[in-house]
Each structure stands twice: as C-alpha cells, then as structure tokens.
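Working notes, structure below.
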Amino acid sequence: MSDIPYRDVDVDGEKPGGRLMEESYLGERFSIWSWLTTTDHKRIGILYLISTTLFFFIGGAAATMIRLELFTPAGDLLTDDGYNKVFTLHGVVMVWFFLVPVIPSVLGNFLVPLMIGAKDLAFPRLNLLSWYLNILGGTFAVWAMLSGGVDTGWTFYTPYSTAFANTHVSLTAIGVFISGFSTIATGVNMIVTVHTMRPPGMGWFRMPLFVWAIYATSLIMLLSTPVLAMVLTLLVTERLLGLGIFDPNRGGDPILFQHLFWFYSHPAVYIMILPGMGVVTEVITCFSRRRVFGYAAMVYALLAIAVIGFFVWGHHMFTSGQSMYASLTFSFLSFIVAVPSAIKVFNWIATMYRGQITFEASMLYAMGFVGLFTMGGLTGLFLASVPVDLHLHDTYFVVAHFHYIMVGGMVSAFFAGLHFWWPKITGRLYPETAAQIAALLMFFGFNLTFFPQYILGNIGMPRRYHAYPDAFQVWHVLSSAGAVILAAAYLMPLGYLVWSLIWGKRAPSNPWRASGLEWQTGSPPPKHNFLANPKIEGSVYDYHPAQQPRREPSDD
Amino acid sequence: MTEAAAPSTPGRAIRSPALASHFHDLRQQHAAADLGLWIFLATEILFFGGLFAAYLVYAVLYPDGFLDAAAETEIVIGTINTALLLTSGLTAALAVKAAGAGMRRSVTMLIAVTIGLGLVFLGAKGYEYWLDLDHHLYPTSPEFPLAAPPAKLFWSLYWTMTGLHAIHILVGLGTWGIILFQTVRRSFSLTDNSRIRIAGLYWGFVDLMWLFIWPLLYLMGRAT
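Top to bottom, those sequences are chains A and B. Mapping of the first sequence onto my numbering: residues 936 to 1491, in sequence order. Mapping of the second sequence onto my numbering: residues 9 to 232, in sequence order.
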C-alpha cells in the first residue's frame, strides 16, 4: 500500500548506540515545563496515564459512595439528590475521562508509532493539544461537581435535562463537548499515522493487531463523537438560549434526543472495548508463545464490530415506544454484532490451545478479560432480545452487563497492557508476585461485586435508586463486599508500580521475549524511538515456525 | 512575482525547513496533512449531519408548520450571501492553485479577497439577524408571530444552523487572516507547505454546508 519511501537510518543529531539510558525519552530534559510542552508521543502517553489515573480515582471515589449507600436498604448515607449526583459523576467521569481515552491515548499514543517503526504520530502538536483539551473538559466536569453537581445521569435524557434539572447540566455538557475534540484529535492522529507512516515491508495485514484495534477504534471515534457534540450543543442551546428542539410543548420529540445520543453512545461502547481486545491479543500471543490464530479473521472481526456497532443503537430504546419494526431490526443487528465478538473470543482460546502458557500478571489480566468479556457479551444477548429486555430494562442486570464489558473487560485489558509494556515505558520491572496477586484479586473482587447485580436485576432491583426493599439486601451486601476487594486490587498496582519506578530492576529491551517492533528498541526507548531502523521480518507474531506448534519446551 | 518551485522531494542534503523531523519527505508530510484534514471534514459532516437529521425528522412530522415558518426567512439576504460565499470559494480555490505555483502576490490578493467576501457575508448575516429579531422571530420571544408550535422548532433550527455555520466562517476567516499575515511576512514556503491547501479545503467545506443550509432554510418556504 505505502508507496512512500522510507528513510534510511537518519543519523542527524543521533549518537551511535550504547548510551541508551542517557538518551531515553524520559531523561532528555527533566523539567516540568519540558513535559508540559512536549510533543513526544511517549511523553504525552505518560501525561495521559497520569490524568486518566486521576480521573479513575475520582470516578472510583464516587463508586465507593454508591456501594456504601447501597449497603443498607434505607437511604441513609446520601440524600436522593446527593445519590443522583454521585452516580452521574461516576458515569460522566468514568466514561469520558477514563474509559474512552485510557487505552487509545495512553497505550495507543505510546505504542502505535513504536509498533509501526515510526518516529512519532503524524501530528505531534495536535496530540499535545488533545491532552490539554481532555484536561480542560475534565476540569469543567469536576468544576460542575464541586459547584453542586449534576443529577441527570450520564445520559442527559431530555426533557428532564432541558426543562427540569436545576443542576449544572450545561457546564458538564460543555466539559464533555470539549473532551470530544480531544477524542477526535486522537482519532485523526491515529488514522493518519497508520495510513501514511508505516515503513516498507509492513503492509496492512502485517500490522500488529493492537494497531488494528486502535485503527478500528479511531474510525468509531471519528464518526460517532461529532454526533455527541451536536446533541450536546442542542441540549445546551435549549437550556441556555431557549432554542429548544426537544421541547414537547413545541412538538419537539425527546425520543429524538435518545436516538442521537445513542447513535454516539452505543458505538462509544465499542470505543471502550476494541482497544482492550487489541491489548489482549498481544499479551495472549506472547505468553502462549503462539502465532495468533486467524489473524485475518481477527482484523475483519474488529472492522465488523466497528461498522455493525453503528447500527444497533436502538436496543437501548426498546421501552421508549419506538416502532415495533425498529425494535425488531435493532434486536436482529445486535445479535449479529455478537458474531465477530465471538470470533475474537474463539480465536484467543484457539491461540492459547497447545501453547506454552506462562502466568505472568499481564497474562492473568488478559485471561480474566476473556472470561469477563464473554460473560458481559452473553448477557448482552439477553438484553438484545426484546421480550427479555422489557423485563430487565433499567435494572441492575443492565448495570452488571456493561460493567462486565467495561470494568471486567476494558479495565482488565488496560491493566494487562500496562503491566505488559511497563518495562518498555519505564525501563523498570515490576514485582511479579505482587502483580499476580493483584490480578487474581481483581478477578475475584470483580465477580463478587457484579455477579450479584445480575441476580438483583433479575429479581427486580431498578438502577439509580438509593433505597430498596430488605429482600435485596443480601445481594447488595455481597456486591459492596466485592467492591472493597476490588478497591484493594486497584490500589495495589498504584503501590507496586510506583515502587518499581525507584527500586524496580532495570528492564532489558525485551523482557518477555515478545515479537513486535517496540521490543527492538531500548527500554525506555530513546527520544526518536529507534537508533537504527527496526527490522521487519517474518510475520507479526513469529513465536514459532509457521504451520506447526512450538515443540521445544522453552527458549531458556 | 514567481518563486522558483523548491524541489518537492529534497535529498538528504537539501532538507526543506517546512519538513517536520518525524517525516521522511515532503510528500509523506503532505499526504498526512491532506488525509488529516479530509478525516476532520468527515467528522464535520457527521456533526452537521445530526442537525440535518433533526431537521428532516421534524420537516416530515410537521410539513405545514415548517413551510409556513420557512416563508419568514429573509430570502434576498440569504441568496446574496450564497453568491458571496460561492465567490469566496472560487477565490480560495484559486489561492490554493496559485500557492502550488509559488505565485506569492496572487496568493496574497486572492486570500485578501476571500477574507473580504467572508466579512461581507458575516455583515449581511448580522443585518439579517437584526431583521429577524426585529420581527420577533426568536423562539422564546413573547411576540413570536407564528401560531403553530412547530414553527418554533424551525426557528430553533434556523438559529442553531446559521449560528454554527457563522462560527465555522469565523474560524475560517481567522485561519485565512493568520495565513495572509504569514504570506506577506514570507515566513513560510508556499510550495513546501500545505497550510494554504488545508485552509482551502476547510473553506470549501464551509461553502458546501451553506449549500445545504440555504435550500433548507430559505428556498423551502417558497416552494409552494
């Protein structure tokens, strides 16, 4: 595809190898200012890592309050309004300031140029701008919270959000709007980089699947985020300027808001899971020492999810009174989108089959991802079926379903990727045993938190209520107990990863003996990524000779 | 004045100052810049697409109310503005061509004319807004002249569509202003740098959006 000639080794200003540590991107110039004005994709990845971690703990604090409140049937810890504001904050911060940016902007930023052997993303300054926009948007959202909060839920449904809510809806919506620009900037950067900056020898079907996943994610980001921007614009102009088009008094249709909102927000679910699929593919192939099973099928599955994901939004609206035929169609398409997802799950398992699996922490997280994603996906099929959804709509079953995808799936995948590439990013090895314990703890804590919510939903506990009948208490107590374990599992990596920055052992270039170009450069990489052009030979996942499983016990 | 066209793919000896360090050559850099802007325009289409979808839904639901409301727009100003904007699209396209040929004086002239036409467009639009307000054609106005409730939907869409379009014009004018300043200052190479082509693409998009807005808001009310 690429007819653009690739530069030979660019020796201008680069000293010959051997002084990797001095020249790594981390130590180039160690002032705060140099970090805040950097256009180096690796440093911007680190900036995103810090900011998304901060937002994760803000959103996590809100989740803690929710689980504390639900420990007892009476609404005793928070008032009704307070509870509404807390779960809205949790949703807004987690969706737009953690889940959407976390893998594309942290790991994607850091890894995509390395994986395709480029020096940087195509638009480095735009990349930095995207971080500032993300921070600005997040500041608006947190400001809205500090000055009184929002109580509409993260979905901002009209007419409540336009005509009745007296909280800081506009401020929050503006924050989300700004963060949308950040998402779009990242998406443009990723797509253009993949199209124009691949070296010769790396055709489309020789790219690592992580790059494919980021590419597919970027397509969704670019085509869906603008619609969210428009619907938020319409919401804010209706509230502030009186230009109402959702106002039923004028013949406006609040359901139109839901259509436009879910046209973004359903594909956004795939923004929140496809990058995780990419990470998991890299990790599973490495620690199974296996070529990925069905590379082309994996690529087509990613693209199919990205495309079909745009046509299923109506399954959020089965109870909204939309036409029966629309519901039927959306239901059918939602079942269809499960097919490529299932292909991916089967391919991961087939990749592991007869592999030489080792259980490093990132592999444990990745295997947890496969299980939890499968759970979340299968319960998604329950909800895609109209009659079942009429029973389960707006109950804890839905909450459990999407937390299995987003927390069980995406957060597990993020931790898998963070551990896997931590030596590359920081040049340090993390303590393996502690990390394995955290990974297992997270799996058990997660299931204890969210499995009871499936049962709760099925026996009738609705979402977004802070008081409930006594009969539900046992399940809520189980869930809250799980949340305590989960919180510990999230805090552990914060401890030992930071510890490893100072006391961790120095990492070699390729501690996992993984394939992939990013492992051909130093850990941490030098400022311009590669001192010599990386060698692109064989296929991406060259863990054993083609067409036969690896026979010798190990390389050690 | 014509500048000698700089070699488009300099070897390692001649490295254009326009070439960023992470690109191999100018061709790669231009390909990236062009693709980036085209993709951005795709997001813009989706952005306005949400608005047009809303318009479509309500125009189908309330055909009579929309026709009556659309008859109140200032068709003369709207049509003059269409002509102004299309002409500015021509001058912008010529500026892009002239930049490719390194004709600095023509580029300066053409960008100045583009900016001038854009400013007249905004002036006419402002006068039109003033007339609209004078006729109480604002949805929250207590003396809103049209009785049918959907008329307020139409006028909400009118203000949103034209307002967002005007913001895009402002962004475009700001971009042209900076480029004009840089062109006069000779601070960048016309041929090695893709910024004029990028601005031209963006301006073309803003023109095209108006070509959808004009029939929807101005012509439709006169169709019967």
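For each residue, glycine too, the CB sits at the ideal point set by N, CA and C.
Local Cβ density within 10 Å of residue i, reported as buried at 16 or more and exposed below that
i	result
I1119/A	buried
I939/A	With a pLDDT of 40 at I939/A, under the threshold of 50, the modelled position of that residue is not reliable, and the figure given next carries that caveat. I939/A is buried by the Cβ-count criterion.
N1101/A	exposed
A1481/A	exposed
S969/A	exposed
S966/A	exposed
G1315/A	buried
A1423/A	exposed
D215/B	buried
G1473/A	exposed
T987/A	buried
V1027/A	buried
F1407/A	buried
E957/A	Any reading at E957/A must be qualified, since the residue scores a pLDDT of 45, below 50, and its modelled position is unreliable; the value itself is stated next. With fewer than 16 other Cβ atoms within 10 Å, it is exposed.
G995/A	buried
P25/B	exposed
E1295/A	buried
I1394/A	exposed
S1117/A	buried
L1158/A	buried
S164/B	buried
L94/B	exposed
T1216/A	buried
V946/A	A caution first: V946/A carries a pLDDT of 38, below 50, which makes its placement in the model too unreliable to give a value.
Under 8 Å between C-beta atoms of residue i and residue j
i	j	result
I1240/A	S1276/A	yes
T1107/A	Y1095/A	no
Y1331/A	M1310/A	no
L1383/A	G1344/A	no
T1121/A	Y1478/A	no
L225/B	T81/B	yes
A1079/A	G1110/A	yes
G1362/A	P1446/A	no
L1012/A	L1003/A	yes
V1334/A	G1392/A	yes
G1213/A	I1149/A	yes
Q1257/A	G1244/A	no
N1044/A	G1084/A	no
L1091/A	L1170/A	Contrary to the premise, residue 1091/A reads as Phe rather than Leu in this sequence. Going by C-beta atoms, F1091/A is nearer than 8 Å to L1170/A.
D33/B	S202/B	no
G1211/A	F1349/A	yes
P1428/A	A1373/A	yes
F1032/A	A1076/A	yes
L982/A	W1066/A	yes
I1292/A	F1378/A	no
I204/B	A39/B	no
V1041/A	F48/B	no
Residues that residue i bridges to, as DSSP identifies them
i	result
S959/A	P1461/A
R1363/A	R1441/A
T1330/A	P1397/A
Proximity test, residue i beta-carbon vs the ligand NAP heavy atom, cut-off 7 Å
i	result
G1186/A	With respect to small molecules bound, the structure shown includes none, and the ligand NAP cannot be examined in it.
Start-to-end residues for the alpha helix (DSSP H) that takes in residue i
i	result
F1385/A	1367-1393
M169/B	157-193
M217/B	203-222
K1279/A	1259-1287
Y1199/A	1189-1206
M1000/A	976-1004
A39/B	34-69
G1311/A	1296-1319
E1499/A	Any question about residue 1499/A goes unanswered here, given that chain A covers just 936 to 1491.
K1020/A	1015-1027
S1105/A	1104-1131
G1213/A	1209-1223
*Within the chosen definition, does the stretch 1178-1195 of chain A reach the stretch 175-194 of chain B through at least 3 CB pairs nearer than 8 Å?*
no
*Counting pairs of beta carbons, one from the stretch 69-83 of chain B and one from the stretch 147-163 of chain B, are three or more of them closer than 8 Å?*
yes
*Between the stretch 1299-1313 of chain A and the stretch 1226-1238 of chain A, are three or more C-beta pairs nearer than 8 Å?*
no
_Tell me whether the stretch 1265-1273 of chain A and the stretch 1228-1235 of chain A touch, counting them as touching only if at least three CB pairs, one residue from each stretch, are closer than 8 Å._
no
*Touch check for the stretch 1045-1056 of chain A and the stretch 1128-1136 of chain A: three-plus C-beta pairs under 8 Å?*
yes
*Spell out a yes or no on whether the stretch 137-146 of chain B and the stretch 50-60 of chain B are touching, meaning 3 or more CB-CB pairs, one atom from each, closer than 8 Å.*
no
*Is the stretch 183-193 of chain B touching the stretch 119-134 of chain B, taking contact as three or more C-beta pairs under 8 Å?*
yes
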